[in-house]
Amino acid sequence: MLDCALIQSVLQKARYWDMNFPLFGSNLHAHLFRPPLPERELDAWEELMELRLPADYRTYLTQLGNGGAGPAYGLMPFEFPLQETLREETVFSDSHAARFEALVRQWYETFHQDWDERYELYCAQTPEGARLSYEDWDEAQGRYMEEHLERPLFENGQLLIANQGCSVDIYLLLNGSHRGDCHEGNQEYDYSYPLWYQSKGPYAPITWSQYQSFFTPFSDYLMDYVERVEELCASLSPEQRQQAQRERAQVREFQAALDGADWDEVLRMLMKLDPTALSLKSRSFYLYYQDTLQRSLPDRPEVAAFFQGIQKSRRTNSGWEFTVFQETCFSGSRYPHPNFAQFLRTFEEPEE
1 MLDCALIQSV LQKARYWDMN FPLFGSNLHA HLFRPPLPER ELDAWEELME LRLPADYRTY
61 LTQLGNGGAG PAYGLMPFEF PLQETLREET VFSDSHAARF EALVRQWYET FHQDWDERYE
121 LYCAQTPEGA RLSYEDWDEA QGRYMEEHLE RPLFENGQLL IANQGCSVDI YLLLNGSHRG
181 DCHEGNQEYD YSYPLWYQSK GPYAPITWSQ YQSFFTPFSD YLMDYVERVE ELCASLSPEQ
241 RQQAQRERAQ VREFQAALDG ADWDEVLRML MKLDPTALSL KSRSFYLYYQ DTLQRSLPDR
301 PEVAAFFQGI QKSRRTNSGW EFTVFQETCF SGSRYPHPNF AQFLRTFEEP EE
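Under full-length UniProt numbering, the first residue of the sequence shown carries the number 1, and numbering increases by one thereafter.
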């Protein structure tokens, strides 16, 4: 059972004190939750779908938030999916161990073989007049895989709740012997992830007994993140805490000048900042106002230089390094980006 009071207490501290988001993916959600789902709306969906979500995940949605803070990029918002596959029996269950192993073996063999060699074998086994062209054969193979492999392995009886990056999705099992457990899925069949084969020795389809070690109860999946956040906050040095206090004060003063349209004061404060010395969290704040400042102070090279400095401070040239907000992210993103007003409140002084 989730201890929501403990979770909120730990994450509330992190929202104020974690300025550089060293935990992978935490910069995306900044330890913030979306607003919780009204329980009556979830009740109505469950009645319509004739299923009930596992208790701890349900608690997360209705008492903590509809997506947001969690491992890596956080939990995706629950969008009331209507796929019939959610009601289907999952193969990730003791009662379907033999079918699981058969599907995994077929998945392994399908992706382990060269696609062109598979077509050549098909041609050798099929009379010339009955052969499909490569394009038609490829399309038929895709339809077969979707119906007979991808659907049972990645859809039936499980809900996609998160993404860990690099095409690794997190699924929550909705029925079967491991109902309420999470596990990883990777449809790209990247050999760097020991999901469908034995992780030691020659590559081979994984067995059901081996695969069971990958299951994690939802509460453990979430609390592992919470515990690492708590350790992070406890390990902050006095210098890091002083920097956090200093930057929070700078942001509050800067926001007040913006709210008052005092552009001379905005420029004065901006010129005092070294963008390369700012925390990742503060740089995310200033980046949110880049277009506003460039429109309002179009002839000041200091503004362009400041934001060039922020871009030069990036550790990578791709991916989300800064916090991206609901207001500015691309339409259709399933990631739990916070809204800017939520984020701004974390620059207030915490109540001790």
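Just so you know, even glycine gets a beta-carbon here, dropped at the ideal spot from N, CA and C.
Looking only at DSSP bridge pairs, what is residue i linked to?
| i | result |
| --- | --- |
| Glu150 | Looking at the DSSP assignment, Glu150 forms no beta bridge with any residue, so it has no partner. |
| Ile7 | In the DSSP output, where bridge partners are listed per residue, Ile7 has none listed. |
| Asp181 | Pro217 |
| Asp94 | Note: Asp94 sits in no beta bridge, so no partner. |
| Phe33 | Gly68 |
| Tyr171 | Leu160, His183 |
| Leu75 | Gly68, Ala162 |
Can you find the residues in the same chain that come closer than 6 Å, C-beta to C-beta, to residue i, ignoring five residues on each side of it along the sequence?
| i | result |
| --- | --- |
| Lys13 | Cys233 |
| His31 | Leu11, Ala14, Arg15, Ala69 |
| Arg131 | Cys123 |
| Arg334 | Met76 |
| Phe306 | Leu270, Pro275 |
Under the assumption that residue i contacts residue j (Cβ atoms under 8 Å), give the Cβ distance between them as a whole number of angstroms.
| i | j | result |
| --- | --- | --- |
| Glu349 | Arg248 | 7 Å |
| Trp208 | Phe100 | 5 Å |
| Asn175 | Glu89 | 6 Å |
Under a Cβ-count criterion, where at least 16 other Cβ atoms within 10 Å of its own Cβ denotes burial, should residue i be classed as buried or exposed?
| i | result |
| --- | --- |
| Trp107 | buried |
| Arg143 | exposed |
| Leu48 | exposed |
| Pro38 | exposed |
| Pro71 | buried |
| Leu173 | buried |
| Ala244 | buried |
| residue 364 | The displayed coordinates of the chain run from 1 to 352. Any statement about residue 364 would go beyond what the structure contains. |
| Asp262 | exposed |
| Gly25 | buried |
Between which residues of its own chain and residue i is the CB-CB distance below 7 Å, once the five residues before and five after are set aside?
| i | result |
| --- | --- |
| Gly65 | Phe33, Arg34, Pro35, Pro36 |
| Leu297 | Trp263, Leu267, Val303 |
Can you list, in chain order, the residues of its chain with a C-beta nearer than 8 Å to that of residue i? Leave out the 5 residues immediately preceding and following it.
| i | result |
| --- | --- |
| Gln326 | His337, Pro338, Asn339, Phe340 |
| Cys4 | Thr59, Gln63, Leu64 |
Taking contact to mean at least 3 C-beta pairs separated by less than 8 Å, is the region 253 to 262 in contact with the region 206 to 223?
Short answer: they don't touch.
Are the region 76 to 95 and the region 150 to 162 touching by the rule of at least three beta carbon pairs closer than 8 Å? The answer is yes - the region 150 to 162 touches the region 76 to 95, with three or more Cβ pairs under 8 Å.
Check whether the region 19 to 26 and the region 277 to 286 are in contact - that is, three or more C-beta pairs closer than 8 Å.
As far as the Cβ criterion goes, the region 19 to 26 touches the region 277 to 286, which means the pair count is three or higher.
* Contact between the region 262 to 274 and the region 51 to 60: three or more CB pairs below 8 Å? -> The region 262 to 274, when compared against the region 51 to 60, does not touch it at the 8 Å Cβ threshold.
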